[in-house]
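*Asks:* Sending over a structure as structure tokens; questions will come in a sec.
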Amino acid sequence: MVQVTGTMNSGSSNSDEQLIDRRLTIRWGPTEEELIERQDTFNGSVPDETAAEIASLHGNSAAQRRAITELLFFACVGDLKRCQRIVRLWNLKVAAPDCCDYDKRTPLHLAASEGAYSVTEWLLAEGVNVNALDRFNRTPLEDAVRGDFNLVASLLMKAGGKVHASGKLIPLEDSELVNGLGFRAPQQKASGFALEWELDPSTIHIREKLGEGEFGVVHRAKWFGTVVAAKVLKASSEIAVNDFRAEIEILQRVHHPNCVQFLGACTAKEPYILVTELMSGGSLADAFRMPQAFPMRRALEIALDAARGLAYLHNRKPTPVIHRDLKPGNLMLSGSQYQDRAQVVFNTGVVKLADFGLSKTLPTNRHANFHLDERFKLTGETGSYRYMAPEVFRHEPYNSRVDVYSFSMIVYQLFEYQPPYADMDPVEAARLAALENARPNFITLAQPGPHKKELRELIERCWAPNADERPSFPEICRIIETLLAQIPRQEYQSSGAVGGDAGCCVVA
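All letters in the sequence shown, in the order written, are residues 1 to 508 by the UniProt record's numbering.
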């Protein structure tokens with residue numbers, strides 16, 4: 001039996017005990033958002049009839065179960081404010097033995113298994129049992145260690161957290177987990193961030209803005225004379241800070257030529273800053289907006305770089321990583337700062353994976369050897385809709401093959417001149433792919449030409465509806481390497497026109 005790591009219960013058919021799916025049409029009454037809205041309407045106090053509205057549908061017991069399920073969900077995704085609101089609204093006792101799911105997984109188990117530092121810290125302050133055992137005899141500390149969340153694990157150890165072995169609780173350092181997973185508790189500041197990569201913000205000189213996302217703004221910066229990229233966190237919400245922590249947790253462990261290099265972070269005071277190497281070629285999304293064309297060989301080189309980075313992440317030991325947000329904007333092009341940007345993009349640049357804020361380290365099953373294709377219940381609808389795997393949109397358990405699906409959509413865009421489902425709204429495109437098995441139409445790759453049939457077949461395999469039928473990234477690398485060996489490299493021309501199939505991959 002594979003233990004799932006989310007809040008969907010694998011052993012229960014009782015719908016009141018299952019994860020509330022925000023996209024389901026079944027409802028037990030007002031949603032938590034609606035209750036919060038009513039709470040705001042009444043200046044922070046909810047009338048008795050509002051709270052009773054849900055309770056009247058199934059009785060107090062079922063309503064209480066729903067509230068606990070809501071709490072478990074938001075503990076899992078690291079949303080501290082919503083956790084606190086639910087507890088306040090329903091007068092829940094988070095330390096009560098029955099505040100758990102069917103598998104006896106408490107909010108602390110779920111927060112620890114997902115690396116939700118702020119929620120973990122709050123739950124410990126509320127007096128929850130730090131060594132509660134779930135149905136599989138796991139403690140929250142074991143979940144944190146197996147998820148490679150060292151900061152959360154250190155917090156739990158400081159609170160007296162232990163692991164279960166041979167019928168009793170023992171210190172982590174006396175367990176097989178230390179040797180098996182290579183756990184090392186980092187030195188920490190009071191804020192919970194580790195000291196070993198802490199940077200002095202006065203040494204970082206922010207320059208011009210390069211880009212902006214939901215939670216951060218990326219600037220060109222100088223750090224001891226080196227030109228770097230500095231991502232400045234622009235929001236201090238719990239979700240933003242948790243994503244920031246999650247990205248740093250992964251970046252400081254990821255070391256590969258096709259992954260962006262992490263240099264350090266400023267966390268002593270706001271605004272928080274994450275520093276990485278500067279990617280002088282910009283993102284693949286930026287390249288798609290350029291008027292020049294990718295020759296066939298260059299497009300294959302880009303695909304191969306991305307596949308090699310993903311092959312590393314998926315096979316990383318001791319804890320593999322699923323990226324979960326693959327899209328052109330998260331594939332960056334690295335090159336010399338002394339070269340023309342077009343030369344980096346169309347000739348010499350190396351593609352590197354970036355933005356690990358939504359990435360997830362896979363837990364290790366202590367009852368069996370880890371297998372990369374095991375499926376886990378992870379957070380649904382994670383990533384960008386146009387590139388989202390069908391099983392993610394459907395909120396089903398999934399594995400590393402979701403990255404293979406997203407990769408297929410990027411490769412499609414490389415060779416078809418346009419994004420997948422270019423004429424559709426992203427959410428509608430994801431819905432059709434997930435519920436009706438729709439896929440983008442081939443136009444360029446459907447035409448006669450060298451290697452087009454092989455590329456079309458590779459893309460079709462990568463976006464197969466059945467995730468088990470999608471190839472692994474090591475296999476994808478071998479296929480692309482074989483194709484590349486048949487295409488000679490030609491001299492780069494600044495106009496973007498090179499010999500051979502030079503009309504490939506212009507994106508309007």
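Note that CB positions come from ideal geometry on N, CA and C, so glycine has one too.
(1) Under three-state DSSP, which class holds Arg-489?
(2) In this structure, does DSSP put Trp-223 in helix, strand or coil?
(3) Taking only the alpha-carbon atoms, compute the straight-line gap between Asp-305 and Phe-442 and give it to the nearest angstrom.
(4) With distances taken between CB atoms, is the gap from Phe-288 to Asp-243 smaller than 8 Å?
(5) Please state the DSSP three-state secondary structure of Gly-211.
(6) According to DSSP, is Leu-92 helix, strand or coil?
(7) Does the Cβ-Cβ distance between Leu-141 and Ala-153 come in under 8 Å?
(8) Which residue from Lys-168, Ser-166, Ala-116, Gly-167 puts its Cα closest to that of residue 570?
(9) Hey, is Arg-439 close to the ligand ADP, as in C-beta under 7 Å from one of its heavy atoms?
(10) What are the boundary residues of the beta strand (DSSP E) that includes Met-332?
(11) If I'm right that Ala-111 touches Val-119 with Cβ under 8 Å, what's the distance once you round it to whole angstroms?
(12) Between Asn-437, Gln-64, Ser-400, which lies nearest to Asp-468 when the distance is taken from Cα to Cα?
(13) Taking the C-alpha atoms as reference points, what is the distance between Glu-277 and Cys-99?
(14) List the endpoints of the continuous beta strand (DSSP E) containing Leu-156.
(15) So, Leu-284 versus Glu-247, is the Cβ gap smaller than 8 Å?
(16) Less than 8 Å between the CB atoms is what I'm expecting for Leu-310 and His-323, so what's the real figure, rounded?
(17) Could you check the C-alpha separation between Gln-493 and Val-344 for me, to the nearest Å?
(18) Quick one: which unbroken alpha helix (DSSP H) runs of 4-plus residues sit fully inside the segment 229 to 303? Chain order, please.
(19) With which residues is Ile-170 paired in a DSSP beta bridge?
(20) Give me the Cβ distance between Lys-352 and Val-260, rounded to the nearest whole Å; I'm assuming they're in contact under 8 Å.
(21) Would you call the CB atoms of Asp-355 and Asn-330 closer than 8 Å?
(22) Since Leu-455 is in the alpha helix (DSSP H), which residue starts that stretch and which ends it?
(23) Which value, in whole angstroms, describes the spacing of the CA atoms of Lys-231 and Arg-220?
(24) Measure the CB-CB distance between His-164 and Arg-138 and report whether it falls below 8 Å.
(25) Ignoring anything shorter than 4 residues, give me the alpha helix (DSSP H) runs that lie fully in the segment 95 to 124, in order along the chain.
(26) List the residues that DSSP assigns as beta-bridge partners of Glu-198.
(27) Check whether the Cβ atoms of Arg-386 and Met-409 sit closer than 8 Å, and answer yes or no.
(28) Could you tell me how far apart the beta carbons of Glu-391 and Val-402 are, in whole angstroms, since I believe they sit closer than 8 Å?
(29) Apart from the five residues just before and just after Lys-222, which ones in its own chain have a Cβ nearer than 8 Å to its Cβ?
(30) Can you give me the C-alpha to C-alpha distance between Lys-104 and Cys-76, rounded to a whole angstrom?
(31) Identify, in the order they occur along the chain, each residue of the same chain with its Cβ nearer than 7 Å to the Cβ of His-256, setting aside the five sequence neighbours on each side.
(32) Can you find the residues in the same chain that come closer than 6 Å, C-beta to C-beta, to Val-411, ignoring five residues on each side of it along the sequence?
(33) Can you give the Cα-Cα distance for Pro-488 and Arg-297, rounded to whole angstroms?
(34) Put Val-392 into one of helix, strand or coil per three-state DSSP.
(35) Where does Leu-133 fall in DSSP's three states?
(36) Is Lys-234 closer than 8 Å to Val-217 when the C-beta atoms are compared?
*Replies:* Quick answer:
(1) Residue numbering aside, residue 489 sits at position 489 when the sequence shown is read from its first letter. The answer is coil: DSSP assigns Arg-489 none of H, G, I, E or B.
(2) Translated into the one-based positions of the sequence shown, residue 223 becomes position 223. Strand, per DSSP.
(3) Stepping through the sequence shown from its first residue, residue 305 is reached at position 305. Stepping through the sequence shown from its first residue, residue 442 is reached at position 442. Each residue's Cα considered, the two are about 23 Å apart.
(4) Against the sequence shown, residue 288 aligns to sequence position 288. Against the sequence shown, residue 243 aligns to sequence position 243. The answer is no: Cβ separation not under 8 Å.
(5) Locating residue 211 in the sequence shown gives position 211, where the first residue counts as 1. Note: Gly-211 maps to strand in three-state DSSP.
(6) Taking the sequence shown and counting its residues from 1, the one referred to as residue 92 is at position 92. It is coil, neither helix nor strand.
(7) The count along the sequence shown starts at 1 and reaches residue 141 at position 141. The count along the sequence shown starts at 1 and reaches residue 153 at position 153. Yes, the Cβ-Cβ distance between Leu-141 and Ala-153 is below 8 Å.
(8) With the chain represented from 1 up to 508, any question about residue 570 goes unanswered, as that position is not in the structure.
(9) In terms of ligand content, the structure shown is empty, and the ligand ADP therefore cannot be addressed.
(10) What you label residue 332 is simply residue 332 of the sequence shown in a count that begins at 1. Residues 331 to 334.
(11) The residue you call residue 111 lines up with position 111 of the sequence shown. The residue you call residue 119 lines up with position 119 of the sequence shown. Confirmed, about 4 Å.
(12) Along the sequence shown, read from residue 1 onward, the residue named residue 468 stands at position 468. Closest by alpha carbon: Ser-400.
(13) To locate residue 277, count along the sequence shown from 1; it is residue 277. To locate residue 99, count along the sequence shown from 1; it is residue 99. Those two C-alpha atoms are separated by around 44 Å.
(14) For the purposes of this step, residue 156 is identified with residue 156 of the sequence shown, where counting begins at 1. Here Leu-156 belongs to no beta strand (DSSP E); instead the alpha helix (DSSP H) covers 150 to 158.
(15) Residue 284 sits at position 284 when you count from the first residue of the sequence shown. Residue 247 sits at position 247 when you count from the first residue of the sequence shown. Going by C-beta atoms, Leu-284 is not nearer than 8 Å to Glu-247.
(16) For this step, residue 310 is matched to residue 310 along the sequence shown. For this step, residue 323 is matched to residue 323 along the sequence shown. Their Cβ separation, rounded to whole angstroms, is 7 Å, which keeps Leu-310 and His-323 in contact under 8 Å.
(17) Taking the sequence shown and counting its residues from 1, the one referred to as residue 493 is at position 493. Taking the sequence shown and counting its residues from 1, the one referred to as residue 344 is at position 344. The straight-line gap from Cα to Cα measures roughly 12 Å.
(18) 238 to 251, 284 to 288
(19) Translated into the one-based positions of the sequence shown, residue 170 becomes position 170. Ile-170 is bridged to Val-163.
(20) Reading the sequence shown from its first residue, position 352 is the one you call residue 352. Reading the sequence shown from its first residue, position 260 is the one you call residue 260. About 5 Å separates the two Cβ atoms, so the contact holds.
(21) On the sequence shown, residue 355 is found 355 positions in, with the first residue counted as 1. On the sequence shown, residue 330 is found 330 positions in, with the first residue counted as 1. Against a cut-off of 8 Å, the Cβ pair of Asn-330 and Asp-355 comes out as a contact.
(22) Along the sequence shown, one-based indexing puts residue 455 at 455. Counting along the chain, the alpha helix (DSSP H) containing Leu-455 begins and ends at 452 to 462.
(23) Residue 231 sits at position 231 when you count from the first residue of the sequence shown. Residue 220 sits at position 220 when you count from the first residue of the sequence shown. Their backbone Cα atoms lie some 9 Å apart in a straight line.
(24) Counting from one through the sequence shown, the residue named residue 164 turns up at place 164. Counting from one through the sequence shown, the residue named residue 138 turns up at place 138. Yes, these two residues count as a Cβ contact at 8 Å.
(25) 107 to 113
(26) One-based indexing of the sequence shown puts residue 198 at position 198. In DSSP, Glu-198 forms a bridge with Ala-265.
(27) One-based indexing of the sequence shown puts residue 386 at position 386. One-based indexing of the sequence shown puts residue 409 at position 409. Against a cut-off of 8 Å, the Cβ pair of Met-409 and Arg-386 comes out as a contact.
(28) Reading the sequence shown from its first residue, position 391 is the one you call residue 391. Reading the sequence shown from its first residue, position 402 is the one you call residue 402. Right, their Cβ atoms sit about 7 Å apart.
(29) By one-based count along the sequence shown, residue 222 stands at place 222. The residues are Ile-204, His-205, Arg-207, Val-228.
(30) Taking the sequence shown and counting its residues from 1, the one referred to as residue 104 is at position 104. Taking the sequence shown and counting its residues from 1, the one referred to as residue 76 is at position 76. Spanning the two alpha carbons is a distance of roughly 14 Å.
(31) Locating residue 256 in the sequence shown gives position 256, counting from the first residue. Gly-309, Tyr-312.
(32) Taking the first residue of the sequence shown as position 1, residue 411 is located at position 411. Contacts found: Ala-303, Ile-459.
(33) Here residue 488 is taken as the residue at index 488 of the sequence shown, counted from 1. Here residue 297 is taken as the residue at index 297 of the sequence shown, counted from 1. Cα to Cα, the separation comes out at about 8 Å.
(34) Here the question's residue 392 lines up with position 392 in the sequence shown. Looking at Val-392 - three-state DSSP - the assignment turns out to be helix.
(35) To locate residue 133, count along the sequence shown from 1; it is residue 133. The answer is coil: DSSP assigns Leu-133 none of H, G, I, E or B.
(36) The sequence position of residue 217 within the sequence shown is 217, counting from 1. The sequence position of residue 234 within the sequence shown is 234, counting from 1. Against a cut-off of 8 Å, the Cβ pair of Lys-234 and Val-217 comes out as a contact.
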